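Enquirer:
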Amino acid sequence: MDSSCCSVSPGIIVSRYSLVFRLLLYIFAGVNVFSMAGCKANLCRAEDPSCDAISAVLLASSIQCTYRSSWSKIGSTEGNPDGLVAVTFSSIVQGPDGALYAGGEASNGNDAAVVMRSDDNGANWVTEWLHQPTVNPAAITQMFRAADGSLLAIGNHNPDSTNTEVFVARKPPGGSFSIVSAYERQNTHVSRALNATLSSTGTIYAVGNAADAVDIAGIVLSSGGDYSTLNARTLLNDGANPVLFSAAFPDSDASISVAGFIDLGASKDFTVGISESNGTYTTIVRDTLNCCLGDPELHDPTGLYRLSNGNLIMGLTPGTSLADIRATVMEIAPNGSYFRTEVSPAAGAATSLKIHGNSQVVSQFLPSGATGTAQVSIRKPGESGFTVSFPANTDGIILNDAPEESIRLVETHLLDNGDLVMPLPIHNSIVASEPAWFYRLSCR
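The working numbering numbers the first residue of the sequence shown as 235 and each following residue consecutively.
In structure tokens, the structure reads:
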């Protein structure tokens, strides 16, 4: 730890020869570290439930998780008081009150962005916030818990029936959710966020694409402070070829790693690079991606992280048919060289890559008939390959979307105690209302 960041308060004198007192010194220094905002950059990781002192302490225990137990079903949105159906969640955070908050989309006759809350560890769910500005679809793509205990939701909506735009909603401690900022590149043209990350300073970086009358550019949006503004940081265009960013990692506020793809029509390129603080984009690697099946977003890069060796890692899905799509993890060196690891021999897409503690967790969508099922595989430190943790067809699950759809149907989320929780959207052939079922994997 950088000694210039935090130090022990004066007045405590300990003997350098006393092991006991030295241990007490380390503990006391740790308390000081957690109490000083300037030290948070050294303690927070992008997958943390938030970037505050408590989460930093909890992270220290979560990295010891073995994840060797079995997944268990813990709850469902069935029978929720508002009768929401077709529920799909893309993000879960744990609030400062200990409740679980899940953001995504649902329907009460018309599609809406929704945050639901569980006060009993995921068994039952009630509506915390329903955002339905018009009859047009709306959805939440990512949620965070800020250092002050606020909950943040990033999503897409069409508030005036002219075009989709990006929004940030905030729930302050003791308050309610409300829209605090929004972004559209040009009216009547679509702007949207597919993913977002939170830097150690509390700044949101949302990635997606945005169109004007000339092009469709990959976009990095930023929002910090009180989140009352949402601005374009980087717009990457490639002539007439649409560009889309789908994953980001905040190395620092000056340097945001991003990944996405460039649609060349007959072929697709994936791209990984750096969004600089001055708005420029510096390419690390751009290469052909052998795809696509239906909606090309099924193949989006997902889950970008910086490893301790300086390389970047992300999930990716090459393939051109249901039989040959494969969930893949790619590691990229700073010079642009890379190698791939196939997660599983089974045909399927990588819908999410997360690093939970020191384990790499890949969620997969496996085609099955007209729709598909879920699988989760984990690679622990020192292992070259992935081991199946949540097997395909668990509980006879069929998911509520077609294999070629772009929505991310399977994603794991880290709780404060290191446990993983995963919502799965259930097909109407299992339950007519298409609820979300929740599964949990113990840290140990």
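Every residue gets a Cβ at the ideal spot worked out from N, C-alpha and C, and that includes glycine.
Nothing here was measured: the structure is a model prediction, and the numbers come from that model.
1) Label GLN594 either buried or exposed according to how many other C-beta atoms from any shown protein chain fall within 10 Å of its C-beta, with 16 as the threshold for buried.
2) How big is the Cα-Cα spacing for VAL441 and MET377?
3) Examine the Cβ distances between the region 620 to 633 and the region 540 to 558 and report whether three or more of them are shorter than 8 Å.
4) Can you give the Cα-Cα distance for VAL448 and ALA474, rounded to whole angstroms?
5) Our contact map puts GLY383 next to PRO367 with C-beta atoms below 8 Å; I'd like the distance itself, whole angstroms only.
6) Measure from the alpha carbon of GLY459 to the alpha carbon of each residue in VAL414, SER486, ALA481, THR422, then state which is nearest.
7) Do LEU386 and TYR335 have their C-beta atoms within less than 8 Å of each other?
8) Does DSSP put GLY549 in a helix, a strand or coil?
9) If you count every other CB in all the chains shown that lies within 10 Å of the CB of GLN298, and 16 or more means buried, which is it?
10) Quick one: what's got a C-beta closer than 6 Å to ASN397's C-beta in the same chain, skipping five residues either side?
11) What residue does the beta strand (DSSP E) around GLN420 start on, and which one ends it?
12) Relative to the alpha-carbon of ASP629, which residue among LYS307, ALA482, ALA466 has its alpha-carbon at the smallest distance?
13) Taking 7 Å as the limit between beta carbons, can you name the residues of its chain near ASP653, skipping five residues before and five after?
14) Taking only the alpha-carbon atoms, compute the straight-line gap between GLY553 and ASN355 and give it to the nearest angstrom.
15) Let's test the definition: count the other Cβ atoms within 10 Å of the Cβ of GLY332 and tell me whether it reaches 16, buried, or not, exposed.
16) Alpha carbon to alpha carbon, how far is PRO669 from ASP497?
17) Would you call the CB atoms of SER491 and LEU532 closer than 8 Å?
18) From TYR417 to GLY582, what does the alpha carbon distance come to, in whole angstroms?
19) What did DSSP end up calling THR607 once you bin it into helix, strand or coil?
20) Could you check which residue in LEU478, PRO530, GLU339, CYS525 has the C-alpha nearest to that of VAL321?
21) Using the Cα positions of GLY203 and ARG426, report the straight-line distance between them to the nearest angstrom.
22) If you follow the beta strand (DSSP E) that THR621 is in, where does it begin and where does it stop?
23) Return the CA-CA distance between ALA636 and GLY389, expressed in angstroms with no decimal places.
24) Where ALA500 and LEU643 are concerned, what is the direct C-alpha to C-alpha distance, given to the nearest angstrom?
25) For LEU633, which option in THR522, HIS661, ASN392, LEU648 has the closest C-alpha, if you only look at C-alpha atoms?
26) Taking the C-alpha atoms as reference points, what is the distance between ARG520 and VAL477?
27) Could you name the residues of the same chain whose beta carbon sits closer than 8 Å to that of PHE411, not counting the 5 residues immediately before and after it, in chain order?
28) Taking the straight line between their C-alpha atoms, what separation do you get for GLY570 and PRO315?
29) With distances taken between CB atoms, is the gap from VAL454 to THR468 smaller than 8 Å?
30) Straight-line CA distance for LEU658 to THR311?
31) Spatial neighbours of MET564 within its chain, please: CB distance less than 6 Å, with the 5 preceding and 5 following residues excluded, ordered by chain position.
32) Whose C-beta lies closer than 8 Å to the C-beta of TYR461 among residues of the same chain, with five residues either side of it excluded?
33) For the beta strand (DSSP E) containing GLU645, name the first residue and the last one.
34) Would you report the Cα separation of LYS502 and ASP353, rounded to the nearest angstrom?
35) Cα-Cα, which of ASP485, THR435, PHE504 is closest to SER457?
Expert: Put simply:
1) buried
2) Cα to Cα, the separation comes out at about 14 Å.
3) no
4) Cα to Cα, VAL448 sits roughly 8 Å from ALA474.
5) At roughly 26 Å, the Cβ-Cβ gap does not stay under 8 Å, so GLY383 and PRO367 are not in contact.
6) Among VAL414, SER486, ALA481, THR422, the Cα nearest to that of GLY459 belongs to VAL414.
7) no
8) strand
9) exposed
10) THR422, HIS423, VAL424
11) GLN420: not part of any beta strand (DSSP E); DSSP gives it neither H nor E.
12) LYS307
13) ARG674, LEU675, SER676, CYS677
14) 38 Å
15) exposed
16) Their backbone Cα atoms lie some 34 Å apart in a straight line.
17) no
18) Rounded to whole angstroms, TYR417 to GLY582 spans 34 Å at the Cα level.
19) THR607: strand per DSSP, three-state reduction.
20) Residue GLU339 holds the alpha-carbon nearest to the alpha-carbon of VAL321 among LEU478, PRO530, GLU339, CYS525.
21) The requested residue 203 is not part of the displayed model; the chain covers only 235 to 678.
22) 621 to 624
23) 22 Å
24) 27 Å
25) Taking only the C-alpha atoms, the option nearest LEU633 is HIS661.
26) Rounded to whole angstroms, ARG520 and VAL477 show a C-alpha spacing of 12 Å.
27) VAL349, GLU362, TRP363, HIS365, LEU385, ALA387, ALA403, ARG404, LYS405
28) Rounded to the nearest angstrom, the two C-alpha atoms are 51 Å apart.
29) yes
30) Distance between the alpha carbons of LEU658 and THR311: 10 Å.
31) Non-local beta-carbon contacts of MET564 in its own chain, meaning distances under 6 Å to residues more than five positions away in sequence, involve MET548, LEU550, TYR572, ARG574 in chain order.
32) LEU386, VAL402, ARG404, VAL414, SER415, ILE438
33) Premise fails: GLU645 is in no beta strand (DSSP E) and is neither H nor E.
34) 44 Å
35) THR435
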